[in-house]
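Read the structure below first, then the notes.
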Amino acid sequence: MTTLTTLAAEVRANRIVAGVRIPHPVSDPTVAPDKEIDVRIAVARRALDVLTLAVEGPTVFAVDLAKAR
Amino acid sequence: MRDVVSPNETAQRTSQGPPVRVVHYLNQFFGGIGGEQHADHPVEVRAGAIGPGRALEREWDGAATVVATVIAGDNYVSTFASEAEVAIRSALEAHRPDVLIAGPAFNAGRYGMGCVTACRAATSLGISSVTAMFPTNPALAMLESRGLIVLPTVETALGMPTAAKALARLALKLGRGEAVGTAAEEGFLPRGMRRDVWHEQTGADRAIAMLKRKIAGQTYRSELPIEIFDSVPPAPPLARLAGVRIALVTTGGIVPRGNPDRLREYNSVTWRPYSIAGLNDLTGDAWEPIHGGYDSTWAREDPDRIVPVDALRLLERAGEFGALDDRLYVMVGVGTSVGNARRFGEEIALDLQKRGVQGVILTAT
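If you want it as structure tokens, here you go:
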């Protein structure tokens, strides 16, 4: 899970989940404090989900944060 | 800056002293003991040059001499590497050479491993060493081969004359204690090492000069070759998340407050596992970011923003996967050399495997 998805693909990470921002890749401090955990849950759940997906090589997966925010 | 010649390098034409003393390592085949049926032959030391060693001596024409040849069977040396290393080390202690030459091993994997073992034995005694083999010889994938001076050869012994010439030249230099240039200058395989040198022009001047040459269509050589990264076949997907043990790994440098292991903020040389057993949350009073490469304001407030322990605990409790492993693996991914990063990955993967972890979430800043 990283915001630098191009770099991750370049060094041949195979399952890449696109992060939020470099200094907080799995969270979003700009949302209301009580909602921030929902962002992290969405990102973590996506990472778990991606572990069950077959890939051929470096593949970037987005996280749908619309609902979490 | 690896393509710059160090200033003392040109002034090193030493006068002919006594011949350089060489110990040469060969497998059972090139050592004249026999073929595959003798591959279990233990380490044996014979006086003087044998087989390829004679070709080396012809190149030297008296400037160096093979004082002893160490021979070991391919099976023996690859099965009993540590015993072989001890035996080679005692041969080196007995003969005190100026340099060890191993091989050339071409594309023979077990022979390549023997050469790596011999070079390691020499290194452990402070004796210079050089070997030669095909660049994708499996022995070069071993951790043990890192940092060794390896000259490239073709795949088969047809390349013996060229390999002998190259080995003889570089071994003479090493044996005389002369400064060794860069991989590109000396023709050995790049070791991923950098050396600081003084240069009369600043980096800016050199970059402009390089750009001008490029624009003019002239040849130029980068001082910082682009790394070619290994391709790793993707791990098969998990069939289900139920019952699966998941571990967290991060390059974001989140450590217990006070950084008890003094992990570096930059140019990481090690990783550490930290226990998150029973923790529902990484809090800012127990954990802190020490990564020197990102604005840590948000991570300092809540380290879960880098490593989502809180979210994964909730998902674990909700039964969305088996269990979160007790270990959080921490690295600081800034200015870290690819060589070190590769080593961290290999070491962490072994530990994960031992702990029965089936899935890993790595967060990177």
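Top to bottom, those sequences are chains F and C.
All residue numbers for the first sequence refer to this note's numbering, where the first residue is 1 and numbers rise by one.
All residue numbers for the second sequence refer to this note's numbering, where the first residue is 1001 and numbers rise by one.
The C-beta atom is built at its ideal place from N, Cα and C for all residues, glycine as well.
The beta carbon of C/Leu1143 sits no closer than 8 Å to any beta carbon of chain F. Any Cβ of chain C closer than 8 Å to the Cβ of F/Ala18 would place that residue at the interface, and such an atom is absent.
C/Ile1088 sits away from C/Thr1069, with the two beta carbons spaced by 8 Å or more. Counting of Cβ neighbours within 10 angstroms places C/Phe1029 among the buried residues, the total reaching 16 or more.
Between the segment 31 to 39 of chain F and the segment 1210 to 1223 of chain C there are fewer than three inter-stretch CB-CB distances shorter than 8 Å, so the stretches are not counted as touching. C/Leu1279 is not a Cβ neighbour of C/Val1307, given a cutoff of 8 Å. Take the alpha-carbon of C/Ala1209 and the one of C/Gly1203: they are about 10 Å apart.
For C/Ala1163 and C/Arg1191, the gap between their C-alpha atoms comes out near 19 Å.
Between C/Phe1229 and chain F, the shortest Cβ-Cβ separation is below 8 Å.
Of all alpha-carbon atoms in C/Glu1144, C/Gly1243 and C/Arg1272, the one lying nearest the alpha-carbon of C/Val1249 is that of C/Arg1272.
Using a Cβ-Cβ cut-off of 8 Å, C/Pro1019 does not count as an interface residue toward chain F, since no Cβ of chain F sits closer than that to its own.
The three-state reading of DSSP puts C/Glu1085 in helix, counting H, G and I together. Where F/Met1 is concerned, there is no enclosing beta strand (DSSP E), because DSSP gives it neither an H nor an E.
Secondary structure at C/Gly1203: helix, using DSSP grouped into helix, strand and coil.
Sequence-distant Cβ neighbours of C/Gly1035 in its own chain, meaning closer than 7 Å and more than five residues away, are Phe1029.
The Cβ atoms of C/Ala1105 and C/Met1142 do not sit closer than 8 Å to each other.
At a cut-off of 8 Å between beta carbons, C/Glu1265 makes no contact with chain F.
Within the DSSP secondary-structure output, C/Ala1072 pairs in a beta bridge with C/Asn1027. Under the 8 Å criterion on CB atoms, C/Trp1298 is classed as interfacial with respect to chain F. When secondary structure is reduced to three states using DSSP, C/Thr1065 falls in the strand class.
Listed by position along chain F, the residues whose Cβ is nearer than 8 Å to that of C/Tyr1294 are Ile22 and Pro23. Cβ-Cβ distances below 7 Å link C/Leu1026 to Ile1050, Gly1051, Pro1052, Thr1069 and Ile1071 in the same chain, with the five nearest sequence neighbours on each side left out; the list follows chain order. The beta carbon of F/Leu48 falls within 8 Å of a beta carbon belonging to chain C, placing the residue at that interface. Any Cβ of chain C closer than 8 Å to the Cβ of F/Ala66 would place that residue at the interface, and such an atom is absent. Here C/His1038 carries a helix assignment [DSSP, helix/strand/coil]. Secondary structure of C/Glu1346 (DSSP, three-state): helix. Exclusion of the five residues before and after C/Thr1065 leaves Pro1019, Val1020, Arg1021, Val1022, Ala1049 and Glu1057 as the residues of its chain whose Cβ lies within less than 8 Å of its Cβ.
DSSP links C/Arg1213 through a beta bridge to no other residue. About 5 Å separates the beta carbons of F/Arg12 and C/Ser1231, which is inside the 8 Å limit, making them a contact pair. With a contact defined as Cβ atoms closer than 8 Å, C/Ile1246 and C/Gly1359 qualify at about 5 Å.
Residue range Val1309 to Arg1317 is occupied by the alpha helix (DSSP H) that includes C/Val1309. Look at F/Val63: its C-beta is not under 8 Å from any C-beta on chain C.
Interface criterion not met: the Cβ of C/Leu1148 is under 8 Å from no Cβ in chain F. With respect to chain C, the C-beta atom of F/Val11 has a partner C-beta closer than 8 Å.
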